[in-house]
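Protein sequence lines, in the order shown, are assigned to chains A and B.
Just so we're aligned, residue 0 is where the first sequence starts under numbering that gives the first Met the number 0, counting upward by one.
Just so we're aligned, residue 0 is where the second sequence starts under numbering that gives the first Met the number 0, counting upward by one.
Only one structure is covered here, and it is reproduced in the block below.
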Amino acid sequence: MNNLREVWSKRFVYYINELQKYMKYIVSGHIAIVFVFVIGAAGYSYSEWLKTAPLDFPVFLLVAFLLSLTITISTPVTLMKNADSVYFLPLETKLDEYFKPALKWTYFSTVFVSALVFVVSIPMLTKLSGLIKNEILFLFLLILVLKYWSMQVEYSYRFAENGKFVWVDRFVRFVLLFTGLFFLLTGSYVLAIAIACICVMYLVVWKKKMKEVAFPFDHFINVEQSRMMRFYRFANYFTDVPHIRGMTKRRKLLNFVYKFVPYKQENAQLYLVLRTFIRTDDYFYLWVRLTALAMLGAIFIPIPIVAIIFTGALAFATVIQLKHALLSGFEFRMDLLFPIDSNARLLAVKKLLRMFQFVQVVFVLIGIVIQGQFTLLMLLVPVFVLVVSELTLRMSK
Amino acid sequence: MTVLEVNNVTGGYTRKPVLHDLSFSIGKGELVGIIGLNGAGKSTTIKHVIGTMNATKGEILLNGKTLKEDPALYRSSFSYIPETPVLYDELTLLEHMQLTAMAYNLEESIFKARLESLLKEFRMEKRLNWFPTHFSKGMRQKIMIMCAFLVSPSLYIIDEPFVGLDPLGIQSLLNQMQARKEEGASVLMSTHILATAEKYCDRILLLHNGKIRAQGTMEDLRAAFQMPNATLDDLYIEMTKEQQNEQFA
Numbered sequence: 000m001n002n003l004r005e006v007w008s009k010r011f012v013y014y015i016n017e018l019q020k021y022m023k024y025i026v027s028g029h030i031a032i033v034f035v036f037v038i039g040a041a042g043y044s045y046s047e048w049l050k051t052a053p054l055d056f057p058v059f060l061l062v063a064f065l066l067s068l069t070i071t072i073s074t075p076v077t078l079m080k081n082a083d084s085v086y087f088l089p090l091e092t093k094l095d096e097y098f099k100p101a102l103k104w105t106y107f108s109t110v111f112v113s114a115l116v117f118v119v120s121i122p123m124l125t126k127l128s129g130l131i132k133n134e135i136l137f138l139f140l141l142i143l144v145l146k147y148w149s150m151q152v153e154y155s156y157r158f159a160e161n162g163k164f165v166w167v168d169r170f171v172r173f174v175l176l177f178t179g180l181f182f183l184l185t186g187s188y189v190l191a192i193a194i195a196c197i198c199v200m201y202l203v204v205w206k207k208k209m210k211e212v213a214f215p216f217d218h219f220i221n222v223e224q225s226r227m228m229r230f231y232r233f234a235n236y237f238t239d240v241p242h243i244r245g246m247t248k249r250r251k252l253l254n255f256v257y258k259f260v261p262y263k264q265e266n267a268q269l270y271l272v273l274r275t276f277i278r279t280d281d282y283f284y285l286w287v288r289l290t291a292l293a294m295l296g297a298i299f300i301p302i303p304i305v306a307i308i309f310t311g312a313l314a315f316a317t318v319i320q321l322k323h324a325l326l327s328g329f330e331f332r333m334d335l336l337f338p339i340d341s342n343a344r345l346l347a348v349k350k351l352l353r354m355f356q357f358v359q360v361v362f363v364l365i366g367i368v369i370q371g372q373f374t375l376l377m378l379l380v381p382v383f384v385l386v387v388s389e390l391t392l393r394m395s396k
Numbered sequence: 000m001t002v003l004e005v006n007n008v009t010g011g012y013t014r015k016p017v018l019h020d021l022s023f024s025i026g027k028g029e030l031v032g033i034i035g036l037n038g039a040g041k042s043t044t045i046k047h048v049i050g051t052m053n054a055t056k057g058e059i060l061l062n063g064k065t066l067k068e069d070p071a072l073y074r075s076s077f078s079y080i081p082e083t084p085v086l087y088d089e090l091t092l093l094e095h096m097q098l099t100a101m102a103y104n105l106e107e108s109i110f111k112a113r114l115e116s117l118l119k120e121f122r123m124e125k126r127l128n129w130f131p132t133h134f135s136k137g138m139r140q141k142i143m144i145m146c147a148f149l150v151s152p153s154l155y156i157i158d159e160p161f162v163g164l165d166p167l168g169i170q171s172l173l174n175q176m177q178a179r180k181e182e183g184a185s186v187l188m189s190t191h192i193l194a195t196a197e198k199y200c201d202r203i204l205l206l207h208n209g210k211i212r213a214q215g216t217m218e219d220l221r222a223a224f225q226m227p228n229a230t231l232d233d234l235y236i237e238m239t240k241e242q243q244n245e246q247f248a
């Protein structure tokens, strides 16, 4: 553990493997295909727009805004773990060995976003604003430098202030970047240089302050954990991620639902399952998302047979995923010891899903009413949702 | 009258057994402590009794029935407090209690009365609508204890109950155990707090390498180790020495 550089290298390899593992699912998932189409369509409309764009379009404002935004957000990627606050403590003076490669990685893994925004803006800058090749090259190099500055400030700020009010620092950096870039693009070089000086001073101040405090382990560990959680949550849309611990919320508005389950021994599992479903974000939002999609389908798909297939597929997806989620889990739970029928959980899950699929049908029906096409075929849509839900419930394992 | 009977039980997590031919019993109204080093098989014994692990050999009878013969009777005959609190993140304190009461078929009026007295005893009245994520380790443990004492089964199975509890919490737990004992319930408790075990347990099982090294009252244990006047701490240390000698032999 003495060589922190080695610790970083080991974690980095593990982290990259973890990213690759989930990227496989993300890239091969259906949403990736949608992305490809969306990007293609956006690229095409952008090039078409460039042909007819008005010459007074505020290119500099837009480019300065987008670049400042992407340069500002420079959350450090530290790969720190919970236990580090204990094990790294004696090595506090040597932490540089760990953070140098960490910040290097932070830089290279985030600078490309700003670079990408810039590359996409190049046609706009040359065509509408008449920038020449050397100016573009200079700007590109400047962006690389600004990103480095921004990242160093964010790290020093979080270090010095224990991460408190990080949005204030972000706002300051955004304003500095935005005004600086705008002055530079519009040719007010003196003002741009003045802003650059402020930027340097701003960094120096935080670097100095950072030397006065102890390393805020908890803050950086929290930042890292929530960053990884965001990634896992995103990956969870494509595949099952074991790291996702179900976040829960009270959702007080839905408290009235619990009244439908009276105090009786037979209802013990339903009492539990109902609360698990409503209060666990993963389960509840899954149902909300798919129900909203089904309703949108009922509103906007005018061809009944297509609407039937679309909403039916969503009903199938809702039931099969929720049934699996609510019945799986290998951890010990106290209800496994309850003196109730071992089948009770399955029966409760079925009852719950019947209830909520009925609500889904109601939403689909509202969608049809909004569309206003009251043909027999169209009215078959909700019937199909019910039938598919019931069949999935009965026939799935 | 015997409440729990463990007869020649062999079992473990893998094919290599942790428990070897284990036998003991607990009578009505008895508080039995199960003591042993880390890895001696205390928690494994408890897991076999509550039915989350199956014995490869032997049988366990609770009120004369095995779990297989009458699951509902077996399960309603005990309540269990695990070593680490196992709570539902999505249920409030009140809901944990209500769920337990429903599952154990407690009449609603009895539930309400018992809830009130337990909340008072464990000083948790003001936290009824809190979720477990906002509770400290000790408070989480208190929820488990209150759930267990909400129902009145014939056997309480308690794994390392004192860890994380404040002194008042420990006293409340001991009060509850004493009160239930007087009503005729039995308790099987695993612990490392030997002074408390010595003071409160009617009988002690000294578990060593998955076997019972000695069992009985303090007098019986002293006789077994040939150490008159020894405290349970002394006996425990003696057992440790035996283990070390075995290792060096």
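Glycine residues also receive a C-beta, built at the ideal position from the N, C-alpha and C atoms.
If only uninterrupted alpha helix (DSSP H) runs of at least 4 residues are considered, those enclosed by the segment 122-165 of chain B are 136-149. For the pair P84(B) and I156(B), the CB atoms are not nearer than the 8 angstroms cut-off.
Listed in chain order, the alpha helix (DSSP H) elements of length 4 or more contained wholly in the segment 194-276 of chain A are 216-234. For V363(A) against A293(A), the beta-carbon gap comes to about 5 angstroms, under 8 angstroms, which counts as contact. One thing to note: I192(B) has its Cβ within 8 angstroms of the Cβ of F161(B).
L98(B) belongs to the set of residues whose beta carbon lies under 8 angstroms from a beta carbon in chain A. Only exposed fits L376(A), as fewer than 16 other CB atoms lie within 10 angstroms of its CB.
Look at K263(A): its C-beta is under 8 angstroms from a C-beta on chain B. With its beta carbon at least 8 angstroms from every one in chain A, I59(B) lies outside the interface. About 6 angstroms separates the CB atoms of R226(A) and T74(A); that is less than 8 angstroms, so the two are in contact. Distance from the CA atom of P131(B) to the CA atom of H95(B), rounded to whole angstroms, is 10 angstroms. Counted as a single uninterrupted DSSP element, the beta strand (DSSP E) harbouring K210(B) occupies residues 210-215. Its Cα nearest to that of G296(A), the residue I307(A) stands out among I307(A), L136(A), V287(A). Here DSSP, grouped into helix, strand and coil, assigns K64(B) to strand. Residue pairing by DSSP puts H207(B) in a beta bridge opposite K210(B). The beta carbon of H207(B) sits closer than 8 angstroms to those of G35, L36, A39, M238, E241, Q242, all from its chain and outside the five residues before and after it, given in chain order.
Residues are counted here when their Cβ sits less than 7 angstroms from a Cβ of chain A; for the segment 38-62 of chain B these are I49, T51, given in chain order. Taking the beta carbon of D334(A) as reference, the chain B residues within 8 angstroms of it are L98, A102, listed in sequence order.
Between K180(B) and L30(B), the C-beta spacing is below 8 angstroms. Residue environment for Q177(B): exposed (fewer than 16 other C-beta atoms within 10 angstroms of its C-beta). Taking a beta-carbon distance threshold of 8 angstroms, L271(A) counts as an interface residue toward chain B. The Cβ atoms of F233(A) and W286(A) lie no closer than 8 angstroms to each other.
In this model, L352(A) and T310(A) are separated by some 16 angstroms (Cα to Cα). Within chain A, E330, F331, R332, M333 have C-beta atoms less than 9 angstroms from the C-beta of V85(B), given in sequence order. Residue ranges of uninterrupted alpha helix (DSSP H) with 4 or more members are absent from the segment 287-325 of chain A; none lies entirely inside it. Taking a Cβ-Cβ threshold of 9 angstroms, none of the residues of chain A is close to A184(B); the smallest such distance is about 16 angstroms. The contact set of A71(B) on chain A, defined by CB atoms closer than 9 angstroms, consists of P338, I339, D340 in chain order. Cβ contact annotation for S149(A) (same chain, cutoff 8 angstroms, sequence separation greater than five): I70, T71, S73, R172, L176, in chain order. With contacts defined as CB atoms closer than 8 angstroms, L289(A) and A316(A) qualify as a contacting pair. Flagged as an interface residue toward chain B: R278(A), by a C-beta distance shorter than 8 angstroms. Under the DSSP definition of a beta bridge, K119(B) lacks any partner.
Looking at the backbone, the Cα of S116(B) and that of F148(B) are separated by about 11 angstroms. A Cβ-Cβ contact shorter than 8 angstroms links E223(A) with L78(A). As a beta-bridge residue in DSSP terms, Y79(B) pairs with I156(B).
Looking from the CA of E4(B), the closest CA among A229(B), I59(B), K46(B) belongs to I59(B). Neighbourhood of A267(A) in chain B, by CB distance below 8 angstroms: L98, M101, A102, in chain order.
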